[in-house]
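> Here the sequence shown is numbered in full-length UniProt numbering, starting from 1 and rising by one per residue. Heads up, the beta-carbon is just placed ideally off N, CA and C, and yes, glycines get one too. Quick one: the structure is below, questions incoming.
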Amino acid sequence: MSSHASDPLLTPFSIGSVRLRNRIVSTSHEPAYTDNGMPAERYRRYHVEKARGGVGLTMIGGSAIVSRDSPAAFGNIDLSTDEVVPWLRKLADEVHDHGTKVMIQVTHLGARSSNFTGDWLPLVSASRYREPAHRAFAKEAEDWDIERIIDDYASAARRVAAGGMDGLELQHWGHLMDSFVSPRLNHREDEYGGSLENRLRFPLRLLDAVRAAVPDDFVVGVRMSMDELREDGLDSDDAIAILQRYIEHGVQFVSVTGGRIESDRALAEAIPGMGTPSAPFLELCRTVRAAVSVPVLHATRIADVPTARHAVDDGCVDLIGMTRAQIADPYLVEKLAAGEEDDIRPCVGANACLDAIYVSGSAHCIHNPATGREETLPQRIRTLGLARRSRRVVIVGAGPAGLEAARVCAMRGHDVTLLEASDRHGGQVAIAARSERRRDLIGIVDWRLQQARKNGADMRFNVLADEDTVLDLEPDVVFVATGGMPNTEVCAGAEHVLDVWDVMTSPVVAGQRVLVYDDNGSYSALDAVERLARAGAEVVYASPERTIAVDVGSMNSPAYLRSMAEHGVPSRLTERLIAVEETDDGLRATLRNEYADTETTTDVDAVVVDNGTLPNDELYRALKAGSRNGGAIDYDAFVDPLGTLRAQATAAVTATADAEAEEEVPVGSLPDAPGYELFRIGDATTSRSVHAAILDALRLSLLI
Ligand SMILES: Cc1cc2nc3c(=O)[nH]c(=O)nc-3n(C[C@H](O)[C@H](O)[C@H](O)COP(=O)(O)O)c2cc1C
Ligand code: SF4
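Structure follows, in structure tokens:
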């Protein structure tokens, strides 16, 4: 079953008075796209795009905050001010225009923020508490805090109703509400602590206040963990009993989650990524759904349509969240409904979206650069139509950058030939996908290969392209996407070291003593450590940084840290590798402390170095002199392809009108002159990331 209207995923469903056109939801998540706490332009475009893509319900405002003493921890929407109302209204109106309903998650973060941001007010929790992830010491909420916060909830609810939202969801999970209900976090001796009835007093009071603040037909739901999965936590029986009380007080749906979020490890397990089983909480949902009278919504690692369909069809849930799946492809529902399931860009579970909030300030999908950049980049190439002139495009290299260029150029109607030296596609992604943990990454390059082929790109493997090979094809445009090679030149004696690719592509000898030196801070050294340790090598991790793999965020590092602990891999931080020399029975590595300048040596059988890559740029340099643009990129056009295309289209129309010309005026960014235009993209430019490589390729491919 795929495109048929009887697809259970595409059947309508009502929560109270709100009728949803299908069962697919984007659950609350904060991508940090706010502007000073307001859901302004970028935020709105992001959700409107999902609405265009067909989602039934989009929940905005992951953790939108109600009080001054719940300062934004990750770009949250600020519901503590009336200023937010017109922004909500504009967003709601535009989302509604596309047939999608929109609700918002409302919360007081409790201890899950910082004492040193916003108004610098002390954080509160039910009792004194320091949440491991955010590390703030929160005070015990006093009587006047409780009254104030309940009022704040009511005011926030009034604002979201005035802002035209179709409903709200109270965030229980890991925030202030949880801290009151949880016997683990609530040690109060007043009427808000002790018995379940007392622990429920605060949430029930705020729920009553919220219900009183909104119209009767306004939907109010709750998002809560229905099994905390820890011995001293709430299990599903406890959680169902609590939920029943909320339902008595007007809760109309439950968004079921599992586990906890208070630490990096807990959050990574609660929002699991690649290398973990699909749909881990569906049975929990089934139990909850059987026990309660309200609709059950659930999202956790349901990344593909068949699993989502099963969840609905089999009665586990009423509504299915496919949140990261729609960060990866906001047109998932439209493609499903049109019978184009193969075209859905897969969510590979890299969790770069979450980690990017802390690493680069806002959510970015590892392989959808248009998400969060809707103003400057299109989600659907097809909606742009064909380029005004079909050009002959030659792409060298079938890594993520080259494949993205092939996909986009082919979809724009260009005549595309891709040349790849090896016998397969994928480049560094294919190497990374050799890690058991990260094998799903292969979806990034498989999807692009399939899409490029489907749109007519000629993919030629086992062709080592030089200048002549490229010029023989008489290109109008050449993309050099030849990637990079590991750079191991970090110390004296570098000729004795191995690189991380060697580890990923060769058998490992058990029992060998290996020093893995990480001066990149990314995944590759961790993958090498894990592969070596699993194969029985004695591994030591060393890095000049203060933390292990400094750029691997909190969603992805826990699995590696666990593996390192399980295999007894010690780490030597703040140590720089300065020399490797041969000895009678192996190698001697000298490390110098970054702060004390003290030197130590360690005897090993092998040293593995990760220091990023050096660009494979011979071909680019060879082609540069003969190109029309000398490899130059117009950065003003590059950073805003949609704006550039719009400006060109306007200029073309004006020029046509002025000249009363019959023939079409070209609108490509390039002058119509003989010769070829040359661009290099991805790591052929400099060592970066998969996202950066694909972003380069998409931007340039739209402009030719
Ligand atoms: C970037 C990002 C931010 C998120 N922020 C929140 C949040 O503020 N509140 C919340 O309840 N869930 C948040 N989530 C969790 C999602 O709502 C959802 O539960 C999770 O992504 C699992 O569903 P999925 O596998 O369909 O993506 C966030 C998820 C992502 C990817
Ligand atoms: S970054 Fe990874 S997990 Fe997040 S949406 Fe993209 S593919 Fe999915």
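Would Gly193 count as contacting chain D if we go by Cβ distances under 7 Å?
Considering every chain present, this structure includes no chain D. It has just one protein chain.
> One question on the structure: do Arg265 and Pro570 come within less than 7 Å of each other, judged by their Cβ atoms?
no
> For ligand 1, is there any heavy atom lying closer than 6 Å to the beta carbon of Ser80?
No, Cβ of Ser80 sits at least 6 Å from all heavy atoms of ligand 1.
> Helix or strand or just coil, what does DSSP make of Thr417?
strand
> If you follow the beta strand (DSSP E) that Gly443 is part of, which residue opens it and which one closes it?
Segment Ile442 to Lys454 is the alpha helix (DSSP H) holding Gly443; no beta strand (DSSP E) there.
> On the DSSP letters alone, give me the boundaries of the alpha helix (DSSP H) that Gly402 sits inside.
Pro400 to Met411
> Specify the secondary structure class of Arg391 as computed by DSSP and reduced to three states.
coil
> For the 8 Å Cβ check, are there 3 or more pairs between the region 150-168 and the region 94-111?
yes
> Starting from Ser26, trace the alpha helix (DSSP H) in both directions and tell me its first and last residue.
Premise fails: Ser26 lies in the beta strand (DSSP E), Ile24 to Ser26, not in any alpha helix (DSSP H).
> Closer than 6 Å to a non-hydrogen atom of ligand 2 - does that hold for the CB of Ile681?
no
> Is it buried or exposed, Ser293, if we count other Cβ atoms within 10 angstroms and call 16 or more buried?
Burial state of Ser293 is exposed, judged by a 10 Å Cβ sphere holding fewer than 16 other Cβ atoms.
> Pick out the complete beta strand (DSSP E) segments inside the region 104-186, 3 residues or longer, and give them in chain order.
137-140 and 167-171
> Can you give the beta carbon distance from Asn616 to Met485, rounded, assuming they're within the 8 Å contact cut?
6 Å
> Mind checking who Gly221 pairs with in its DSSP beta bridge?
Glu169 and Phe253
> Ends of the alpha helix (DSSP H) at His310?
Val305 to Asp313
> With contact counted as at least three CB pairs below 8 Å, one residue from each stretch, are the region 55-66 and the region 21-33 in contact?
yes
> What separation, rounded to the nearest whole angstrom, lies between the Cα atoms of Ser3 and Arg309?
Because the pLDDT of Ser3 is 48, which lies under 50, any placement of that residue in the model is unreliable, and the number read from its coordinates should be weighed accordingly. Taking the straight line from one Cα to the other gives about 12 Å.
> Buried or exposed: which applies to Arg19, given that a residue is buried once 16 or more other Cβ atoms fall within 10 Å of its Cβ?
exposed
> Helix, strand or coil: how does DSSP classify Ala559 here?
helix
> Which residues mark the beginning and the end of the beta strand (DSSP E) in which His298 is found?
Per DSSP, His298 belongs to the beta strand (DSSP E) from Val296 to His298.
> Helix, strand or coil, according to DSSP, for Ile431 in the structure here?
The three-state secondary structure of Ile431, taken from DSSP, is helix.
> Please find out if some non-hydrogen atom of ligand 1 comes closer than 6 Å to the beta-carbon of Ile271.
Yes, Cβ of Ile271 sits closer than 6 Å to a heavy atom of ligand 1.
> Tell me which residues share the same chain as Glu530 and place their Cβ nearer than 6 Å to its Cβ, disregarding the 5 neighbours each side in the sequence.
Annotation for Glu530: Ser563 place their beta carbon closer than 6 Å to its own, counting only its chain and skipping 5 residues before and after.
> Determine the extent of the alpha helix (DSSP H) in which Ala693 is found, giving its start and end residues.
Val690 to Leu703
> Given a cut-off of 7 Å on the beta-carbon distance, is the pair Ala406 and Ala465 in contact?
Contact check for Ala406 against Ala465 fails: the beta carbons are separated by 7 Å or more.
> Report back the beta-carbon spacing between Thr300 and Gly339 to the nearest angstrom; my notes put them in contact at under 8 Å.
Rounded, the Cβ-Cβ distance is 27 Å, inconsistent with contact.
> DSSP three-state label for Leu10, please.
helix
> Tell me whether Val348 counts as near ligand 2, meaning its Cβ is closer than 6 Å to at least one heavy atom of that ligand.
yes
> Report the residue from Asp7, Asp696 and Gly315 whose alpha carbon sits nearest the alpha carbon of Glu341.
Asp7
> Which residues share a DSSP beta bridge with Asn593?
Glu575
> Report buried or exposed for Glu489, applying the criterion of at least 16 other Cβ atoms within 10 angstroms of its Cβ.
With fewer than 16 neighbouring CB atoms inside 10 Å of its own CB, Glu489 falls in the exposed class.
> Can you give me the Cβ contacts of Gln252 inside the same chain, cut-off strictly under 8 Å, excluding the 5 residues immediately before and after it?
Ile15, Gly16, Gly167, Val219, Val220, Gly221, Val294 and Pro295
> Suppose you measure from the CA of Val85 to the CA of Ala92; what does that come to, to the nearest Å?
10 Å
> I'd like the list of long-range same chain contacts for Arg89, defined as Cβ closer than 7 Å, with 5 residues on each side in sequence excluded.
Closer than 7 Å at the Cβ level, and outside the excluded window around Arg89, lie Gly163 and Gly164.
> Suppose you measure from the CA of Gly682 to the CA of Ser689; what does that come to, to the nearest Å?
8 Å
> Using a Cβ-Cβ cutoff of less than 7 Å, which residues in the same chain neighbour Val665 once the five nearest sequence positions on both sides are dropped?
The pLDDT assigned to Val665 is 40, lower than 50, so where the model puts this residue is not dependable; a value taken from the coordinates is nonetheless given after this. Around Val665: Ala652, Ala655 and Thr656.
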